[in-house]
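Residue numbers (my numbering), protein chains in the order written: chain A, 1 to 92; chain B, 101 to 192.
Remarks on the structure that follows.
Number of protein chains: 2
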Amino acid sequence: MAEVWEGWERRDRPPTLFRRFTFERYAQTRDFLDALAAAGEACGLHPQNINFGTTYVNVTLEAADNSALSGAHEAFARQIAALALAQGGTGA
Amino acid sequence: MAEVWEGWERRDRPPTLFRRFTFERYAQTRDFLDALAAAGEACGLHPQNINFGTTYVNVTLEAADNSALSGAHEAFARQIAALALAQGGTGA
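Spelled out as structure tokens, the structure:
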């Protein structure tokens, strides 16, 4: 079972946070992906998986060593959501 | 059934080309993704879906209007494979 945490689906085995963001145009999707990559490099966290097409991006965060998600992951998740909103995106 | 075309899996319904590329380091994955985005913008084609983690990128090309894949898609597929190779990637 997944619970919802600040708009993200939180799952337990393994611990992950998942969220789908949608955009109106490819340029917004692209800008969000670039901002997400830069944010990840800045904080040293990278999503376990990113799945995207021209107008959507599915993001999955997972602790690298299969341990529990930390406060750093939650902060990164919040930052990702803020970046999507800044590009006009909607988080499903 | 999928047939293999120049290292890509070609499927028919809908017509798609799929290939998985793997890299040793995140930096190579990142550089490949950036090069792929730039190449797509240059030729006006964007993969229908890209699914990536720190050391792999799965690319699916599909004709936008569900029509057959054109020579332009095949050229884009060749260019994508060359970009992956240039970043030290291996196309499975």
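Even glycine gets a Cβ: it sits at the ideal position worked out from N, Cα and C.
Being a predicted model, the structure only gives us computed values, none of them experimental.
Within-7 Å CB hit, residue i to chain A
i: B/His173; result: no
i: B/Gly153; result: yes
i: B/Asn166; result: no
One or two residues paired with residue i in a DSSP bridge
i: B/Phe121; result: B/Val157, B/Gly191
i: A/Phe52; result: A/Val57, B/Ile150
i: B/Gln103; result: The question names Gln, but residue 103 of chain B is Glu in the sequence shown. According to DSSP, B/Glu103 bridges with B/Arg110.
i: B/Thr116; result: B/Arg111, B/Glu162
Chain B within 7 Å of residue i, Cβ atoms only
i: A/Ile80; result: no
Where residue i falls, given that 16 or more other Cβ within 10 Å makes a residue buried
i: A/Glu62; result: buried
i: B/Arg178; result: exposed
i: B/Ala102; result: exposed
i: B/Pro147; result: buried
i: A/Leu85; result: exposed
i: B/Arg130; result: buried
i: B/Gly140; result: buried
Rounded straight-line distance, which links the Cα of residue j to that of residue i
i: A/Phe76; j: B/Tyr156; result: 22 Å
i: B/Phe118; j: B/Ala182; result: 15 Å
i: B/Gly191; j: B/Trp105; result: 12 Å
i: A/Ala35; j: B/Leu133; result: 13 Å
i: B/Phe123; j: B/Ala168; result: 30 Å
i: A/Ile50; j: A/Val59; result: 5 Å
i: A/Gly44; j: A/Phe52; result: 21 Å
Residue i CB to nearest heavy atom of the ligand PLP below 6 Å
i: B/Glu109; result: The ligand PLP is not among the ligands present in this structure, which contains no ligands whatsoever.
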